[in-house]
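Chains as they are written, first to last, in the numbering used here: chain C, 41 to 210; chain H, 120 to 224. Note that the Cβ used here is the ideal one computed from N, Cα and C, for glycine as well.
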Amino acid sequence: MSLEPILFAMFGGTAIGCAVGVVFHRNPVHCALLLVGVLLSLSGLFVLLHAPFVAALQIIVYAGAIMVLFLFVVMLLNVKGESPLLTPGAAKGFGILFALIVFIELLGTVLPRSGDSSRLPDAVLPEGFGSPAAIGRILYTVWLFPFEITSILLLVAVVGAVVLAKRKFA
Amino acid sequence: MIGASAVPLVWYQVLAAVLFTIGVVGVLVRRSAIIIFMSIELMLNAVNLSFVAFSRQHGTMDGHIFVFFVMAVAAAEVAVGLAILVAIFRNRATANVDDVRLLKG
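Shown next, in the form of structure tokens:
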């Protein structure tokens, strides 16, 4: 009996529990911290899936940088818990109904159909799969152009954020 | 060499679907713009999990690269989105999306 199913259940359960907390907790700071919980357990799942570099990125970029930004804004805005917490009236019912439809649709896509033999077996991974060296090699060869475009996107985002957050418009 | 996964990869896909659905519920049901942003992050992460699981199944690293790009786009989106939120809060003193409906007329 390998350790993997136990770790999967642990990380998956934590992720789902924290995600429910993010959606239904009243205090935005708690929501942000629960979201960090989701991100950390997802990075554990990435390690289980032999993606150590992505797991490290997840912790550094998401749990580190993006969540600090969220907490900054939460404290900057000093938003008290909303009242009411959820959208009122029929919109809430429709929202949950719509989400259920999305979920069923997703499950229908993901779950294997009975008698479907076209599903691939798991690939045998080479040594060093998902390591920074291996990812860097294809990132700077096959995906070089999208990578460079990303830098422009980030530059635009920086300029946009500075302009938007300026105290006076023009 | 690493063989087949001990956990069926379908489980990872189902987990990703559950997380995505929770994110959808958050966007549709909550009224605070900050929480809506967090729910969007939740959905992006669910998709990332799905990418990595498919990458594991196919034995190619292109899924990892896509996760990398999703993270970069998410960082840009959060920076601009939160700046918009701060600007709205400065002008209207609210982060409730129901109070911001100037375009609705």
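Query, Result
"Considering only residues of the same chain and omitting the five flanking positions on each side of Gly84 of chain C, which have a CB-CB separation below 6 Å?", "Phe51"
"Determine, for Val197 of chain H, whether the minimum Cβ-Cβ distance to residues of chain C falls below 7 Å.", "yes"
"Would you say Cys58 of chain C lies against chain H (beta-carbon separation less than 7 Å)?", "no"
"Between the C-alpha atoms of Tyr180 of chain C and Val87 of chain C, what's the straight-line distance to the nearest angstrom?", "23 Å"
"Assuming Pro68 of chain C and Ile154 of chain H are in contact, meaning their beta carbons sit under 8 Å apart, how far apart are those beta carbons, in whole angstroms?", "7 Å"
"Note down, in chain order, each residue of its chain lying with its Cβ closer than 8 Å to the Cβ of Leu126 of chain C, except the 5 sequence neighbours on either side.", "Lys132"
"With a 10 Å radius around its C-beta and 16 neighbouring C-beta atoms as the bar for buried, classify Glu145 of chain C as buried or exposed.", "exposed"
"Taking 7 Å as the limit between beta carbons, can you name the residues of its chain near Ile175 of chain C, skipping five residues before and five after?", "Phe93"
"For the region 95–106 of chain C, which residues have a CB atom closer than 8 Å to at least one CB atom of chain H, in sequence order?", "Leu97, Gln98, Val101, Tyr102, Ala105, Ile106"
"Determine the direct distance from the alpha carbon of Gly170 of chain C to that of Met180 of chain H, and round the result to whole angstroms.", "7 Å"
"Going by CA-CA distance only, name the one from C:Tyr102, C:Ala197, C:Ser42, C:Ile141 that's closest to Ile141 of chain H.", "C:Ile141"
"Give the range of the alpha helix (DSSP H) segment to which Lys132 of chain C is assigned.", "130–150"
"Using a Cβ cut-off of 7 Å (strictly closer), state whether Gly129 of chain C contacts chain H.", "no"
"Starting from Gln132 of chain H, trace the alpha helix (DSSP H) both ways and give me its first and last residue.", "128–148"
"At a Cβ threshold of 7 Å, is Thr54 of chain C touching chain H?", "no"
"Spell out whether any CB of chain H is found under 7 Å from the CB atom of Phe185 of chain C.", "no"
"Give me the DSSP bridge partner(s) of Ser151 of chain H.", "H:Asn215"
"Which residues in the same chain as Leu47 of chain C place their Cβ atom closer than 8 Å to its Cβ, once the five residues preceding and following it in sequence are excluded?", "Gly84, Leu88"
"In the DSSP assignment, find the unbroken alpha helix (DSSP H) run with Val190 of chain C in it and report its ends.", "The sequence shown places Thr at residue 190 of chain C, rather than the Val named in the question. 184–205 is the span of the alpha helix (DSSP H), which, as asked, contains Thr190 of chain C."
"So is Glu160 of chain H buried or exposed if we call it buried at 16+ other beta carbons inside 10 Å?", "buried"
"What residues of chain H sit near Leu111 of chain C, judged by a beta carbon separation below 8 Å?", "None at all; the shortest Cβ gap to chain H is about 10 Å."
"Taking C-alpha atoms, which residue in H:Leu168, H:Ile207, H:Ala152 lies nearest to Gln132 of chain H?", "H:Leu168"
"Using a C-beta cutoff of 7 Å, does Gly77 of chain C count as contacting chain H?", "no"
"Against Glu44 of chain C, what residues of chain H qualify as contacts under a CB-to-CB distance less than 9 Å, listed in chain order?", "Ser124, Ala125, Val126"
"Quick one: what's got a C-beta closer than 7 Å to Ile184 of chain H's C-beta in the same chain, skipping five residues either side?", "none"
"Is the beta carbon of Ala139 of chain C closer than 7 Å to that of Val137 of chain H?", "no"
"Might you give, ordered along the chain, the residues of its own chain that have their beta carbon closer than 7 Å to the beta carbon of Ser124 of chain H, omitting 5 neighbours on each side?", "Arg175"
"Which residue spans inside the region 160–205 of chain H form an unbroken alpha helix (DSSP H) run of at least 4?", "none"
"Using the C-alpha atoms, what's the distance from Arg177 of chain C back to Trp183 of chain C?", "9 Å"
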